[in-house]
Amino acid sequence: MLALLAQQVPDFVRPDIDWHAAAPELTLLTFGALVTMMDIVWLEKGRKLTSIVASIGLLATMVPIITLAVDGADRSMFGGAFVVDDYALIMKAVFILTGYVVILLSTNYIAEGDYWENEYYGLLLSSILGMILMASARDLITIFVALELLSIPAYMLATWRKRDLKSNEAGMKYYLMGVFASAIMLYGMSLLYGGSGSTLLTDINESISGPGDPSAVVVLGIIFVIVGFAFKVSAVPFHTWAPDTYEGAPTPITAFLSVASKAAGFVALMNMLFVGFFGRDDVYEPVIWILAALSMTVGNLIALRQTNMVRLLAYSGVAQAGYMLAPLAVAGDVPDSALAATVGYLVIYAAMNLGAFAVVIAVARKTRTAEIDDYRGLFHWAPGLTVAMTVFLFALAGIPPLGGWWAKFRIMGAVIEANTAAGVVMGIFVAVNSVIALYYYARIGVKMWAEPAPDDDTAPVRVPVSLTSALVLTAAATIAFGVLPGLVGEVTKVSLLAGVGG
Amino acid sequence: MLLNQFLVLAAILFCIGVYGVLVRKNAMLVLMSVELILNAVNINLVAFGALNDDVGGSVFALFTIAVAAAEVGIGLAIVLLMYRNRRSIDLSEADMLKG
Amino acid sequence: MSDFLRSYLTVAIFGLVGFALVGAFLGLGRLLRPDKPNLAKTEAYESGVDPTGDMWSQSNIRYYIFALLFVMFDVEAVFIFPWAARLEAYEIFGLIEMAIFIFILLLGLLYAWRKGVLKWV
Numbered sequence: 000m001l002a003l004l005a006q007q008v009p010d011f012v013r014p015d016i017d018w019h020a021a022a023p024e025l026t027l028l029t030f031g032a033l034v035t036m037m038d039i040v041w042l043e044k045g046r047k048l049t050s051i052v053a054s055i056g057l058l059a060t061m062v063p064i065i066t067l068a069v070d071g072a073d074r075s076m077f078g079g080a081f082v083v084d085d086y087a088l089i090m091k092a093v094f095i096l097t098g099y100v101v102i103l104l105s106t107n108y109i110a111e112g113d114y115w116e117n118e119y120y121g122l123l124l125s126s127i128l129g130m131i132l133m134a135s136a137r138d139l140i141t142i143f144v145a146l147e148l149l150s151i152p153a154y155m156l157a158t159w160r161k162r163d164l165k166s167n168e169a170g171m172k173y174y175l176m177g178v179f180a181s182a183i184m185l186y187g188m189s190l191l192y193g194g195s196g197s198t199l200l201t202d203i204n205e206s207i208s209g210p211g212d213p214s215a216v217v218v219l220g221i222i223f224v225i226v227g228f229a230f231k232v233s234a235v236p237f238h239t240w241a242p243d244t245y246e247g248a249p250t251p252i253t254a255f256l257s258v259a260s261k262a263a264g265f266v267a268l269m270n271m272l273f274v275g276f277f278g279r280d281d282v283y284e285p286v287i288w289i290l291a292a293l294s295m296t297v298g299n300l301i302a303l304r305q306t307n308m309v310r311l312l313a314y315s316g317v318a319q320a321g322y323m324l325a326p327l328a329v330a331g332d333v334p335d336s337a338l339a340a341t342v343g344y345l346v347i348y349a350a351m352n353l354g355a356f357a358v359v360i361a362v363a364r365k366t367r368t369a370e371i372d373d374y375r376g377l378f379h380w381a382p383g384l385t386v387a388m389t390v391f392l393f394a395l396a397g398i399p400p401l402g403g404w405w406a407k408f409r410i411m412g413a414v415i416e417a418n419t420a421a422g423v424v425m426g427i428f429v430a431v432n433s434v435i436a437l438y439y440y441a442r443i444g445v446k447m448w449a450e451p452a453p454d455d456d457t458a459p460v461r462v463p464v465s466l467t468s469a470l471v472l473t474a475a476a477t478i479a480f481g482v483l484p485g486l487v488g489e490v491t492k493v494s495l496l497a498g499v500g501g
Numbered sequence: 000m001l002l003n004q005f006l007v008l009a010a011i012l013f014c015i016g017v018y019g020v021l022v023r024k025n026a027m028l029v030l031m032s033v034e035l036i037l038n039a040v041n042i043n044l045v046a047f048g049a050l051n052d053d054v055g056g057s058v059f060a061l062f063t064i065a066v067a068a069a070e071v072g073i074g075l076a077i078v079l080l081m082y083r084n085r086r087s088i089d090l091s092e093a094d095m096l097k098g
Numbered sequence: 000m001s002d003f004l005r006s007y008l009t010v011a012i013f014g015l016v017g018f019a020l021v022g023a024f025l026g027l028g029r030l031l032r033p034d035k036p037n038l039a040k041t042e043a044y045e046s047g048v049d050p051t052g053d054m055w056s057q058s059n060i061r062y063y064i065f066a067l068l069f070v071m072f073d074v075e076a077v078f079i080f081p082w083a084a085r086l087e088a089y090e091i092f093g094l095i096e097m098a099i100f101i102f103i104l105l106l107g108l109l110y111a112w113r114k115g116v117l118k119w120v
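Residue numbers (numbering that gives the first Met the number 0), protein chains in the order written: chain E, 0 to 501; chain X, 0 to 98; chain G, 0 to 120.
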């Protein structure tokens, strides 16, 4: 019996490990462990050091990413489950830089709030580790593990202000929605595994694509997986957690969730669509189309009547997710420009949205709230912040010559290039929604520049150095991407993901 | 064929789980419902793995079990926190954030 | 009727027979046994000691953290068993991999210990 078993098991072949390809993940893992060890040794005495070590860790992780980019070769490990190509490297760089800016936003916020600091940065690093792993994941198991590695620390970070009822509620809603979504996604993955007999995305694509109708198992699997990720990117009708969680969570974490976590959801979705389901665009295109159209319309319409800045940014983020989904709805027709448009939008969105949250954090240092009415007369007591906020809001609205304009232009280009009825209608949706969005972004601008400050309180606000540098970084990126569109165009001219048969 | 029975069982578990998540107001019961869905996933994975004579399904199931344990650990901690602060884990009472 | 449904018919028949048997025996017992209720019989049984408190007692919250730690490390064993079963095949490579895995787990345990979670307060 035992001999029989031994015969059935194939010999173990030691996988070839390309240490250079895995270097970003290993570096970040080392620094994450280091932060934890500092906490174990020094407890709270080391709290001054942790944020410094965490930011050094992120910058150190950039080094192997840059050397891999200079090297330029596509690398693949574990039979194609872990792939490093241009697209993966761009997204890794976005995650690392976003994480760095979030640490800049956090240092004063967390230190002044009397909360645990060591764990905060350790969890932040774990979450970012999950994200950069996600950029390379081309296998159902790897994608699942990466998704949980980035979500589980995020649940804790959203609940960080643990004595605050609002933060509890925010974390609870985020947790329940996130767990439910990942359970649904897992069920879809199990069906896909059953329909194809493999967990590798390339094998799945090979076995489910082809002429003829897809089997019911495959259709259900694809839909469940897309629904699972739609929660992650907060697309309507799976967006309900986003505004509540954003409002209750600590604001730096809100910035992190609305940029990095959303980008990670998009990365996973793009891995799935462009590698796993590539031959099944007849199934996924309509689903994505509906999600995109609903997200931008509903997100913008609800954003019109918000009175809280964070909630407004949450709904605007829902609408932005709709714009980013739009090219994916024509991904089967024009895969190259769809991928480039969405990746380009993600890069620019990261810069402008992080900037907007940086201003919210800076203003809240004085007003202690995020009500839009408190932004009245901001120009009189914080002219620098007003200029920065105007730049970010107009970039989000897509006004030239700021970054958002170029990003939206590329989206329009991709959906029109598809030259299908669905693509053209989607283009109209994007155009109409941009006009609606302009209204609420401009309304804030008017309040900041033209109205008097409440109670004539024009005492200036003290903005710490780290927050200022975060503002300068994001504002510079937002303007640079707009003025030099070639820059982002060149960077995000990613060829189709490595590993697709096309 | 034997596979059908496993898939039907998994589908029933999945439906009960989704129903529980959508209807229940008690945070603990919602957590348990999510566990039902995850168990449906595990049954599916193992059944498909046995059908295809592929060990990948069982490996995936092992990962699901381990990660689900981590997830539930965090979930219980959040429920506990909520109970400490407001003496109730009724989700319909958690309505401070809306608009 | 398809084979698929027919096999469920078998299940249903077995179920019915099961319920009928249990019901019959319990009913028979009820008919035969003497019936003398008194207060002591309805009390909760606590190893012979006089029962204290409510039957619906909540377990102490302190057990939660221990249960959690137990579950975490218990579940991580699912990765160690398959590795142990094929230990020779993996050679030194597998050993190092597992050492890294256990080291990261150990960090978690050390963390819990340093934060005083393992103390019974």
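Just so you know, even glycine gets a beta-carbon here, dropped at the ideal spot from N, CA and C.
No experiment lies behind these values; they were computed from the predicted model shown.
query, result
"Proximal residues to X:Ala26 (C-beta, below 6 Å), its chain only, five neighbours per side dropped", "Val78, Ile88, Leu90"
"DSSP-derived helix/strand/coil call for E:Phe276", "coil"
"Interface positions of the segment 69 to 96 of chain G facing chain E (Cβ-Cβ less than 7 Å), listed along the chain", "Arg85, Ala88, Tyr89, Phe92"
"Supposed contact pair E:Val333 and E:Ser294 - C-beta distance, whole angstroms, cut 8 Å", "With 8 Å as the limit, E:Ser294 and E:Val333 do not qualify as a contact, their Cβ atoms being about 21 Å apart."
"G:Phe102 at chain X interface by Cβ criterion, 8 Å", "no"
"Run of the alpha helix (DSSP H) containing X:Met81, from where it starts to where it stops", "55 to 85"
"E:Arg74 in three-state terms, based on DSSP", "strand"
"Three or more C-beta pairs below 8 Å linking the segment 401 to 417 of chain E and the segment 353 to 366 of chain E", "no"
"Below-8 Å beta-carbon distance, G:Leu25 vs any chain X residue", "no"
"Residues near E:Val217 by beta carbon distance below 6 Å, same chain, minus five either side", "Gly194, Ile207"
"Same chain, Cβ closer than 6 Å to E:Arg310, five either side skipped, listed in chain order", "Pro242, Glu246"
"CB-CB length for E:Tyr471 against E:Trp380, believed under 8 Å", "According to the sequence as given, residue 471 of chain E is Val; it is not Tyr. So it is not a contact: roughly 20 Å between Cβ atoms."
"Expected contact under 8 Å - CB spacing of E:Pro23 and E:Ile64 to nearest Å", "5 Å"
"Meets three-Cβ-pair contact criterion under 8 Å: the segment 30 to 50 of chain E and the segment 74 to 93 of chain E", "no"
"CB contact below 8 Å: G:Tyr63 versus chain E", "no"
"Buried versus exposed call for E:Trp18 [16 or more other C-beta atoms within 10 Å across all chains shown]", "exposed"
"Alpha-carbon spacing of E:Ala469 relative to E:Leu104, whole angstroms", "7 Å"
"Beta-carbon gap between X:Leu61 and E:Thr158 smaller than 8 Å", "no"
"Counterpart residues of X:Asp89 in DSSP-defined beta bridges", "X:Asn25"
"When E:Ile151, E:Thr141, E:Met425 are compared against E:Val329, the one with the closest alpha-carbon", "E:Met425"
"Beta-carbon proximity of E:Phe237 to E:Ala229, cut-off 8 Å", "yes"
"The ligand SAM heavy atom lying under 7 Å from the CB of E:Val83", "You won't find the ligand SAM in this model; it holds no ligand whatsoever."
"Cutoff 8 Å: E:Thr29 Cβ touching any chain G Cβ", "no"
"Sub-8 Å separation of E:Thr477 and E:Ala369 beta-carbons", "no"
"Interface positions of the segment 34 to 51 of chain E facing chain G (Cβ-Cβ less than 9 Å), listed along the chain", "Thr35, Met36, Asp38, Ile39, Val40, Leu42"
"Beta-ladder partner(s) of E:Asp138, from DSSP", "E:Leu199"
"Whether E:Thr385 touches E:Trp448 by CB criterion (8 Å)", "yes"
"In DSSP terms, what E:Val83 is bridged to", "E:Arg74"
"Neighbour list for X:Asp53 in chain E, Cβ cutoff strictly below 7 Å", "Gly196"
"Cβ pair E:Gly79, E:Thr201 closer than 8 Å", "yes"
"X:Val54 vs E:Ile140 beta-carbon contact at 8 Å", "no"
"Every unbroken alpha helix (DSSP H) within the segment 339 to 418 of chain E, with a cutoff of 4 residues, ordered by chain", "377 to 380, 382 to 396, 402 to 416"
"Pairwise C-alpha distance: E:Ala452 and E:Ile221", "52 Å"
"Contact the segment 94 to 111 of chain G vs the segment 73 to 86 of chain G: 3+ CB pairs below 8 Å", "yes"
"Under 7 Å from the C-beta of E:Gly193: neighbouring residues of chain X", "Asn43, Phe47"
"Distance between E:Ala180 and E:Ser189 (C-alpha atoms, nearest Å)", "14 Å"
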